[in-house]
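Protein chains in written order, with the numbering used here: chain A, 68 to 251; chain B, 53 to 480.
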């Protein structure tokens, strides 16, 4: 709204957390994904943010890289290429009650049907399927998907009470998974 | 013979829309490209905003071509202020645009349209039988994204563009490090043209009015005049005198026509036909090797046009990266004043026009944005009318796929135009 916007953006250039640089020495990547403007679709983003706050000693380890990405798309392939293990946290939709936390192994993830309505038809399921097809060795990297059952995904809405209440448990599960992967 | 083809949600396009084709007595009785993605009101959001916020807001219109929205907006606002950026800034803008063309064209050629030509439902099934093709596509695309990261901090919605130039010069080292990848990409793009020329394209010849930016000394992307194959050459500021938008009740996107009421074509085919003489030598050789006869009038073969452009933009990116040497201020010091300005650049999907009115504080009073897909929507419907006689003779599934393929060959960005696609063909 004002000319003061300029230095804010310039400062953003220098410190912007979305700069797409890998982390030297990184072995485990924790990715929270979803859309912050669509209610419970932001569950993955918020769960990873809360995990960072609750477990800074783990999140700040040099071999661990936590990243929140709103629209992950094909960029996920590059992120997975850089990691020995990955934990992806995202909102999911099944018949379970809102806030239910699912832990899915790579085998269970591969059962996803690619049916995304993402831009140009590329969402998480499609990208993981493409990863399995093109890079079987990479797909064998230890991948876990933590799914948080979404209730409402209305445009502009915040998290539902059920999903908000489930975030601490999701953060604890992220920590358990990271510790397991760190232990090899 | 009567037939109905309906695709309620067309895949491999950006945005939400549907297609209905009703054929009666062997002729197209009704064709509707229904754009039902909700309107996005960007022009309204911009009113009251300070001009330096505009490029970062308009970038959010599209995740595939954010640079185009940034560039058209900054040129329009610089026009309003009566300023011209320095040659080094202009060169960096072209390099940034090279990155966008590379990532957008690689995505469309290999992952969005090639599955249609190779009989695959999607890039996923294509990857299962031709993994190296898809790996090449991903690498080609990634290099384009890396250019955007090096200049604008991130691959989607980069943040370094401002009215008057760039907030700061990007470091040379990350750009120079891309040179070996760019050299690989140039060779891969040449191979892409050879491969593209061998694909089995449906037959369709259309008598288009081609419209694109033209620049006497370079392949038209930024600056120049708006050139039509009908002979019309207009300064960018006079675009609205020749091309008008109108509301179509069934659509949340406006439709554009020339003032004579005819539809016209923007995008890679128009650029190729009008501007091929400005290609860099590597692209001229690739065009010759492709065997294409110009003017190209088959919309399905826009894939080949994109492939030749891919060669050009890789070659230009190499030139610009080699020459990159930050010099002087990265942006002009702006003296604000009330005014009005227009700007147009060539987005990967075609001409993108912006016009703004600003007050003496540099805040937006009025904004008008005409994206390429809005200009091409009437042309897509007209092409489908031309295709209808072929569709009648085809089995239902083949007819549906051929119609969908036609729409996809335009690489429509419905989100930009509103602005997902669903198709229904009905035979009565």
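Ideal Cβ positions, reconstructed from N, Cα and C, are used throughout, including at glycine.
On a predicted model such as this, the values are computed, not experimentally measured, just so you know.
So, does the CB of residue 59(A) fall closer than 8 angstroms to a CB anywhere in chain B?
Outside the modelled stretch of chain A, which goes from 68 to 251, sits residue 59(A), for which no answer is possible.
Let me know the secondary structure DSSP gives residue 114(B) once reduced to three states.
coil
Here's the rule I'm using: 16 or more other beta-carbon atoms within 10 Å means buried, otherwise exposed. How should residue 222(A) be labelled?
exposed
With burial defined as no fewer than 16 other Cβ atoms inside 10 Å of the residue's Cβ, what is the status of residue 316(B): buried or exposed?
buried
Nearest by alpha-carbon distance to residue 259(B): which of 460(B), 439(B), 244(B) is it?
439(B)
Assigned exposure category for residue 450(B) - 16 Cβ within 10 Å defines buried:
exposed
Compute the distance between the beta-carbons of residue 325(B) and residue 272(B), then report whether it is under 8 angstroms.
no
For a contact meaning CB atoms closer than 9 angstroms, what does residue 142(A) contact in chain B?
194, 197, 207, 208
Nearest-angstrom beta carbon gap, residue 73(B) and residue 57(B) [assumed within contact, 8 angstroms]
4 angstroms
Rank 157(B), 343(B), 173(B), 330(B) by C-alpha distance to the C-alpha of residue 249(B) and give the top, closest one.
343(B)
Between the CA atoms of residue 210(A) and residue 153(A) - distance to the nearest angstrom
5 angstroms
Determine, for residue 340(B), whether the minimum Cβ-Cβ distance to residues of chain A falls below 8 angstroms.
no
Taking beta-carbon pairs under 8 angstroms, can you tell me which members of the region 166 to 183 of chain B lie near chain A?
174, 175, 176, 179, 180, 183
Span separating the alpha-carbon of residue 284(B) from that of residue 266(B)
11 angstroms
Is it the case that the Cβ atoms of residue 214(A) and residue 106(A) are separated by a distance below 8 angstroms?
no
Considering only residues of the region 291 to 364 of chain B, which uninterrupted alpha helix (DSSP H) runs meet the minimum length of 4 residues and lie entirely inside it, listed in chain order?
291 to 294, 320 to 327, 333 to 342
Please list, in chain order, all residues of the same chain as residue 237(B) whose beta carbon is under 6 angstroms from its beta carbon, the five residues on each side excluded.
192, 195, 366
Does the region 125 to 133 of chain B touch the region 373 to 380 of chain B, meaning 3 or more C-beta pairs lie closer than 8 angstroms?
no
What are the uninterrupted segments assigned as beta strand (DSSP E) that are 3 or more residues long and contained completely in the region 229 to 282 of chain B, given in chain order?
263 to 266, 277 to 280
Helix, strand or coil: which one does DSSP assign to residue 135(A)?
strand
Closer than 8 angstroms by beta-carbon distance: list the chain B residues that pair up with residue 221(A), in chain order.
Correct list: empty, because the minimum Cβ distance to chain B is about 13 angstroms.
Applying a beta-carbon distance threshold of less than 7 angstroms, which residues of chain A neighbour residue 190(B)?
141, 144
Given 8 angstroms as the limit, is there contact between the region 356 to 371 of chain B and the region 304 to 323 of chain B, that is, 3 or more CB pairs closer than that?
yes
8 angstroms is my cut-off, CB to CB: does residue 133(A) come that close to chain B?
no
Could you tell me whether the Cβ atoms of residue 169(A) and residue 159(A) are closer together than 8 angstroms?
yes
Compute the Euclidean distance between the alpha carbons of residue 217(A) and residue 206(B), then round it to the nearest angstrom.
29 angstroms
Please state whether DSSP places residue 186(A) in a helix, a strand or coil.
In this predicted model, residue 186(A) has a pLDDT of only 43, less than 50, meaning its place in the structure is not dependable; the value taken from the coordinates is given anyway. The answer is helix: DSSP assigns residue 186(A) an H, G or I state.
For residue 157(A), the three-state DSSP class (helix, strand or coil):
strand
By the DSSP assignment, the beta strand (DSSP E) with residue 287(B) in it spans what residues?
285 to 287
Determine whether the Cβ of residue 187(B) lies closer than 8 angstroms to any Cβ atom of chain D.
In summary, chain D is missing from the structure at hand, where the protein chains are A and B.
Integer Cβ distance of residue 52(B) from residue 231(B), believed to fall under 8 angstroms:
Outside the displayed range of chain B (53 to 480) lies residue 52(B), so it cannot be described from this structure.
Starting from residue 216(A) and walking both ways along the beta strand (DSSP E), at which residues does that stretch end?
209 to 216
Which ranges does the beta strand (DSSP E) cover as unbroken runs of at least 3 residues, wholly within the region 368 to 404 of chain B, from first to last along the chain?
391 to 399
For residue 102(B): DSSP bridge partner residues:
415(B)
Please confirm whether residue 138(A) and residue 69(B) have their CB atoms less than 8 angstroms apart.
no
Give me the chain B residues within the contact set of residue 298(A), using Cβ-Cβ distance strictly less than 8 angstroms, ordered along the chain.
Shown here, chain A extends from 68 to 251; a query on residue 298(A) therefore has no answer.
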